[in-house]
Amino acid sequence: MEDKRNLRKERIGVVTSSKMEKSIVVSEVKRVKHPMYGKFVLKTKKYVAHDEKNDCNEGDTVKIMETRPLSKTKCWRLVEILERAK
Numbered sequence: 008m009e010d011k012r013n014l015r016k017e018r019i020g021v022v023t024s025s026k027m028e029k030s031i032v033v034s035e036v037k038r039v040k041h042p043m044y045g046k047f048v049l050k051t052k053k054y055v056a057h058d059e060k061n062d063c064n065e066g067d068t069v070k071i072m073e074t075r076p077l078s079k080t081k082c083w084r085l086v087e088i089l090e091r092a093k
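Whatever position you read off the sequence shown (first residue = 1), add 7 for my numbering.
Dropping the structure here:
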């Protein structure tokens, strides 16, 4: 009997803050169509993620993955840096 681990959510976003020790804030921007007017609206969701090596900078595009709660607000971890800020 093998225990299957649940699929973990992954998000791609841009680092908006890296001022904390081993933590980053990642913003994910979605284009959502307004239900009544039909105009596309930008919705932003912020995630606090764990950055073990402290090697992310503001403006980097990163991939984060859901994990167990690491602190009060932190339940995501950095998987990889997709693109460095220019």
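Each residue gets a CB set at the ideal place from its N, CA and C atoms; glycine is no exception.
Below 8 Å on the Cβ atoms is my contact criterion, and I expect residue i with residue j to pass it. Report the Cβ-Cβ distance as a whole number of Å.
{"i": "Thr80", "j": "Val55", "result": "5 Å"}
{"i": "Asp67", "j": "Arg91", "result": "6 Å"}
{"i": "Glu28", "j": "Lys52", "result": "In fact, because the Cβ distance is near 23 Å, the residues do not count as touching under 8 Å."}
Would you say residue i reaches chain C, if we count a Cβ-Cβ gap shorter than 9 Å as a contact?
{"i": "Ser34", "result": "In the structure shown, chain C does not exist; there is a single protein chain."}
In terms of DSSP beta bridges, what is residue i paired with?
{"i": "Arg84", "result": "His57 and Met72"}
{"i": "Lys157", "result": "The question about residue 157 has no answer, for the chain in this structure spans 8 to 93."}
{"i": "Glu17", "result": "Met72"}
{"i": "Lys11", "result": "Partner(s): none; Lys11 has no beta bridge."}
{"i": "Ser30", "result": "His57"}
Measure the alpha-carbon distance for residue i versus residue j and round it to whole angstroms.
{"i": "Lys37", "j": "Asp10", "result": "34 Å"}
{"i": "Ile71", "j": "Val48", "result": "24 Å"}
{"i": "Tyr44", "j": "Val86", "result": "37 Å"}
{"i": "Asp13", "j": "Thr74", "result": "In the sequence as presented, Asp is not what sits at residue 13; that position holds Asn. Their backbone Cα atoms lie some 11 Å apart in a straight line."}
{"i": "Lys93", "j": "Glu59", "result": "22 Å"}
{"i": "Cys63", "j": "Ile31", "result": "8 Å"}
{"i": "Ile18", "j": "Leu77", "result": "For the record, residue 18 in the displayed sequence is Arg; it is not Ile. So the two alpha carbons sit approximately 18 Å from each other."}
{"i": "Lys50", "j": "Asn61", "result": "27 Å"}
{"i": "His57", "j": "Val33", "result": "10 Å"}
{"i": "Lys26", "j": "Val69", "result": "16 Å"}
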